[in-house]
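Novice:
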Ligand SMILES: Nc1ncnc2c1ncn2[C@@H]1O[C@H](COP(=O)(O)OP(=O)(O)O)[C@@H](O)[C@H]1O
Ligand SMILES: [Mg+2]
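Residue numbers (this note's numbering): 137 to 384.
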């Protein structure tokens, strides 16, 4: 489903943030990406959701060379990829409902976009998704009045509006307490199981990430240094990826 082959990313200042990265992710797999700060995790996510292009190498999504596509072809694939972030990226002064509806923006036709309207189906879907992520009571609450965990649930519901094949979660639980972090991770696992969505998550809550995922990819200095099924990951593997900086 996702095929990353020999991908490197060199930023404008010549810094090589990713160096010859290759891996394949099957549809419905839950992959944890672990690595120290600055290892290149966010760079990888930005390449995978099309915010940036690789300097070399290929990123194949649904048999298309996503890393090189432009315009409509690129947007078509981007719609199948939802991204969630540490800081949620919600519109604070909008209700949960409107934030989730925003997830449907790319699907509207020009007239709808011009008039700022959503279809009845889209509204129904936004409602159902908020229920699904456990926020039925908060549908009309403003995003700014929610707890961190609730905000991340809204962000997940918004991502689901586009019926993604893949969710990229860049430190989705970094601002949350350990209990809430587990709940959000479990929600992502549920989406994987019930909707067969591929989830690629990066988290410094390493034990949680390893336990909940099918597979772990470890990145150090822009290179993949570990790629194994989660059940084979040892404490030494984690120490290796974190280069001694990992304490728990
Ligand atoms: N836009 C940029 N220009 C130059 N260097 C960058 C840019 N973005 C990130 N980097 C550098 O690339 C490296 C990897 O960054 P990043 O992918 O954000 O790491 P991580 O998410 O693992 O902490 C870091 O050394 C960072 O400073
Ligand atoms: Mg990062």
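We put the beta carbon where it would ideally sit given N, CA and C, even for glycine.
#1: Buried or exposed, going by whether 16 or more other CB atoms sit within 10 Å of the CB of residue 170?
#2: Should residue 355 and residue 175 be called a contact, given that it needs their Cβ atoms to be closer than 8 Å?
#3: From the DSSP output, read off the bridge partner residues of residue 337.
#4: With distances taken from CA atoms, which of 213, 313, 258 and 229 is nearest residue 245?
#5: Where does residue 190 sit, in a helix, a strand or coil, going by DSSP?
#6: DSSP three-state label for residue 145, please.
#7: What number of angstroms, rounded off, separates the C-alpha of residue 183 from the C-alpha of residue 337?
#8: Go to residue 373, then tell me how far its beta strand (DSSP E) extends in each direction, as first and last residue.
#9: When you compare only the Cα positions, how much space is there between residue 208 and residue 200?
#10: Just to check my reading of the structure: residue 217 and residue 140 have Cβ atoms closer than 8 Å, yes? What is that Cβ distance to the nearest angstrom?
#11: If you measure from the CB of residue 306, is any heavy atom of ligand 2 nearer than 7 Å?
#12: With hydrogens ignored, establish whether the beta-carbon of residue 153 is closer than 7 Å to any heavy atom of ligand 1.
#13: Taking only runs that begin and end inside the segment 268-333, name each unbroken beta strand (DSSP E) of 3 or more residues, in chain order.
#14: So, with DSSP's three-state summary, where would you put residue 162?
#15: DSSP on residue 219, reduced to helix/strand/coil?
#16: Nearest-angstrom Cα distance between residue 372 and residue 287?
#17: Using the Cα positions of residue 330 and residue 157, report the straight-line distance between them to the nearest angstrom.
#18: Would you be able to state if there are at least three C-beta pairs under 8 Å between the segment 316-326 and the segment 231-241?
#19: Here's a check: name, in chain order, each residue in its chain whose Cβ is nearer than 8 Å to the Cβ of residue 384, leaving out the five neighbours to either side.
#20: Flag this pair as yes or no: are the beta carbons of residue 231 and residue 277 separated by less than 8 Å?
#21: In this structure, how does DSSP classify residue 150 when only helix, strand and coil are distinguished?
#22: If you count every other CB in all the chains shown that lies within 10 Å of the CB of residue 369, and 16 or more means buried, which is it?
#23: Measuring from the CB of residue 406, is there a heavy atom of ligand 2 at a distance below 7 Å?
#24: Could you tell me which residues DSSP pairs with residue 231 in its beta bridges?
Specialist: Checking against the coordinates, here is how it stands:
#1: Buried.
#2: Yes, Cβ-Cβ distance for residue 355 and residue 175 is below 8 Å.
#3: Note: residue 337 is bridge-paired with 168 and 305 in the DSSP secondary-structure output.
#4: Checking every option, the nearest Cα to that of residue 245 belongs to 258.
#5: Looking at residue 190 - three-state DSSP - the assignment turns out to be coil, as it is neither helix nor strand.
#6: DSSP places residue 145 in the strand class (E or B) of the three-state scheme.
#7: Each residue's Cα considered, the two are about 14 Å apart.
#8: It is not in any beta strand (DSSP E) - residue 373 instead sits in the alpha helix (DSSP H) that spans 371-378.
#9: CA-CA distance, residue 208 to residue 200, rounds to 13 Å.
#10: No, residue 217 and residue 140 are not in contact; Cβ-Cβ is about 13 Å, not under 8 Å.
#11: Yes, ligand 2 has a heavy atom inside 7 Å of this Cβ.
#12: The closest heavy atom of ligand 1 lies less than 7 Å from the beta carbon of residue 153.
#13: Those beta strand (DSSP E) runs which fall completely within the segment 268-333 and span 3+ residues are 302-306.
#14: Three-state DSSP puts residue 162 in coil, outside helix and strand.
#15: Residue state, collapsed to three classes: strand.
#16: Looking at the two C-alpha atoms, the distance is approximately 35 Å.
#17: About 30 Å.
#18: They do not touch, by the three-pair rule.
#19: With a pLDDT of 45 at residue 384, under the threshold of 50, the predicted position of this residue should be treated as unreliable, and no value is reported.
#20: A contact, by the Cβ cut-off of 8 Å.
#21: In this structure, DSSP gives residue 150 a state outside helix and strand, which the three-state scheme calls coil.
#22: Buried, because 16 or more other Cβ atoms sit within 10 Å of the Cβ of residue 369.
#23: Outside the displayed range of the chain (137 to 384) lies residue 406, so it cannot be described from this structure.
#24: Answer is 278, bridged to residue 231.
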